[in-house]
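Protein chains in written order, with our numbering: chain A, 1 to 131; chain B, 132 to 262; chain C, 263 to 393; chain D, 394 to 524. Beta carbons: idealized from backbone N, C-alpha and C, even for Gly. Since the structure comes first, as structure tokens, the remarks are kept for the end.
There are 4 protein chains.
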Amino acid sequence: MNSTVSAPEERQPRLLDVDALAAAIERFARERDWVQFHAPKNLVMALTGELGELVEIFQWMSADESRDAARAPATARAVRDELADVTIYLVRLAAVLGVDLDAAVRDKLALNAVKYPVEKARGHNRKYDAL
Amino acid sequence: MNSTVSAPEERQPRLLDVDALAAAIERFARERDWVQFHAPKNLVMALTGELGELVEIFQWMSADESRDAARAPATARAVRDELADVTIYLVRLAAVLGVDLDAAVRDKLALNAVKYPVEKARGHNRKYDAL
Amino acid sequence: MNSTVSAPEERQPRLLDVDALAAAIERFARERDWVQFHAPKNLVMALTGELGELVEIFQWMSADESRDAARAPATARAVRDELADVTIYLVRLAAVLGVDLDAAVRDKLALNAVKYPVEKARGHNRKYDAL
Amino acid sequence: MNSTVSAPEERQPRLLDVDALAAAIERFARERDWVQFHAPKNLVMALTGELGELVEIFQWMSADESRDAARAPATARAVRDELADVTIYLVRLAAVLGVDLDAAVRDKLALNAVKYPVEKARGHNRKYDAL
């Protein structure tokens, strides 16, 4: 994303690295001739469907019960599986769109730090425009 | 995650690395005393809300139009922002649940390779149980 | 929907009636030349986006707090608005698909009564295949 | 919403009527002692899960293919079932919240007519603040 030359010590460290996963999914799709189906519009729907399955796991739990969902025998496997599915489609979507998730996330966190100053935001969850 | 000793050449390389992002979000939440709100049940809803905003960007586009959404002046910024929001909540959710996304994704890809053999899955999008 | 002649007392009463709303939305869309955008694929995405806005209202609330959300001054208006948006897109989607919601719902409730017998389902929320 | 006395002929006709369905669901839940689980926070998640299943049906279809989804043998049953599930949870959610869907929808349509004047909105899908 950045074509200017910069010394290594000036670069910010990455917050996340999804390159290997993006490449693995691309290869998987290519082998099955599925790239044709992977328009962003379709992928964001696939992501919605997988997230729906994740939501279903938590829907009747109390907030406290949900904290143990990945350790409870009845739900651990499902939680892990659905988190994986959501992650796979999210990384695929970003790749097809040509979005650098690391840069996007970095910018968003910087923006959030401005929108939610520590002093004003502490201890409640009002939206930034209601702080 | 793996406490057994293994020679480097036996270890599989990571597919994704979200550790630095998870730590940054944790710090952000802690500074604002927001950890109390971050039950998985709540976070999966926050993820749903952010995904809804991403979906809205694509809802009236054709599949072809959606391919350029991250480059079109009218939508590029929004696409990048919403992808970042979804990523942040997803990584936070996995961290709070104690799920290693890299391991979960690796297992899921291995499972998918079995569920969707190249020969049977090529060129169509039927679910594995309808192949 | 039913072209066979049947005595009134044999017909089941309707569970819901969305005809007037479906007609009002159709008129609204037609006046703005929006029918072209109303493919089911697009409408289900619009429905997802609106539901995301509804979910956002509840994401940080406890279950108990959520019970009063339509009466709390801070959220009553938003809850009502987003419920309306979801309803409008749902009714529009069914209309465009040619699905009779009343008949679909009636069939589903009958199915649910079989899947969740009172004796077995009482007091817990396991899925029917885990009863 | 309207506390003034008005003659019946002045009242606007209902746009939708979900009373019988709401009563049927209430009875169904009560018989199974499920009312305890039906906090709005939980119900909006259940609605999300069901909508996710509806979205999955359409995710790989083109917009044109989606128009026939309720008539295509492969998908007709699923489309009808998932629409019913979404409707059931939506009506239940509104009932538990004490929201009159008919009044909410009526107000929203009136608002939309102001936000999207026919002359300005015709033939495109920009959001009202971008008209």
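Measure from the C-beta of residue i to each C-beta in chain A and report whether the shortest distance is under 9 Å.
i, result
"A308/C", "no"
"V472/D", "no"
"K303/C", "yes"
"T162/B", "Before going on, a small fix: residue 162/B reads as Glu here, not Thr. Interface residue, yes."
"E419/D", "no"
Using CA coordinates, which residue listed in the options is at the minimum distance from residue i?
i, options, result
"D19/A", "V44/A, G52/A and D100/A", "D100/A"
"A153/B", "K172/B, T218/B and T206/B", "T218/B"
"N304/C", "A340/C, L359/C and D330/C", "L359/C"
"Q537/D", "R519/D, E449/D, R499/D and H517/D", "Given that chain D is displayed from residue 394 to residue 524, the structure contains no residue 537/D and the question cannot be resolved."
"R329/C", "E424/D, A503/D, R485/D and G516/D", "R485/D"
"V186/B", "P204/B, A203/B and A209/B", "A209/B"
"G254/B", "L111/A, Q36/A, E65/A and E26/A", "Q36/A"
Considering only their Cβ atoms, is the gap separating residue j from residue i smaller than 9 Å?
i, j, result
"G442/D", "E50/A", "no"
"K163/A", "D212/B", "The question about residue 163/A has no answer, for chain A in this structure spans 1 to 131."
"A514/D", "W296/C", "yes"
"L408/D", "L345/C", "no"
"M323/C", "F189/B", "no"
"F290/C", "A506/D", "yes"
"A301/C", "A463/D", "no"
"G279/C", "D347/C", "Contrary to the premise, residue 279/C reads as Asp rather than Gly in this sequence. No; because the gap between Cβ atoms is not below 9 Å, this pair is not in contact."
"V118/A", "R257/B", "no"
What in chain B is Cβ-close to residue i, meaning under 7 Å?
i, result
"N518/D", "W191"
Please state whether DSSP places residue i in a helix, a strand or coil.
i, result
"D362/C", "coil"
"D180/A", "With chain A covering only 1 through 131, there is no way to say anything about residue 180/A."
"D410/D", "strand"
"R354/C", "helix"
"W453/D", "coil"
"T206/B", "coil"
"N518/D", "coil"
"D478/D", "helix"
"D500/D", "helix"
"A432/D", "coil"
"A462/D", "coil"
Please report whether the beta-carbon of residue i lies at a distance below 9 Å from any beta-carbon of chain B.
i, result
"A456/D", "yes"
"V317/C", "yes"
"S268/C", "Residue confidence for S268/C is low, a pLDDT of 48 falling below 50, so the modelled location carries little weight; the figure read from the coordinates is stated next. It does not: the Cβ of S268/C has no partner Cβ on chain B nearer than 9 Å."
Any beta carbon from chain C within less than 9 Å of residue i's own beta carbon?
i, result
"K115/A", "no"
"A467/D", "no"
"R485/D", "no"
"S396/D", "Residue placement at S396/D is flagged as unreliable, the pLDDT there being 44, under the threshold of 50; the coordinate-derived value follows with that caveat. No, S396/D lies away from the interface with chain C (no Cβ there is under 9 Å from its Cβ)."
Chain A partners of residue i, CB-CB under 7 Å?
i, result
"R145/B", "A20"
Of all the CB atoms in chain D, is at least one closer than 9 Å to the CB of residue i?
i, result
"V35/A", "no"
"L242/B", "no"
Taking residue i as the query, report the chain C residues whose CB atoms sit under 7 Å from its CB, ordered along the chain.
i, result
"L182/B", "G314"
What does residue i touch in chain A if you count any residue whose Cβ is under 8 Å from its own?
i, result
"A252/B", "R32 and W34"
Could you work out which residues of chain C lie near residue i, taking near to mean beta carbons separated by less than 9 Å?
i, result
"A488/D", "Near A488/D there are no residues of chain C at all, since even the closest Cβ is about 11 Å away, more than 9 Å."
Strictly under 9 Å for the Cβ-Cβ distance: is residue i near chain G by that measure?
i, result
"W165/B", "Although the question refers to chain G, the structure presented lacks it and instead comprises the protein chains A, B, C and D."
CB of residue i to nearest heavy atom of the ligand GTP: below 8 Å?
i, result
"V484/D", "No copy of the ligand GTP occurs in the structure displayed, which carries no ligand at all."
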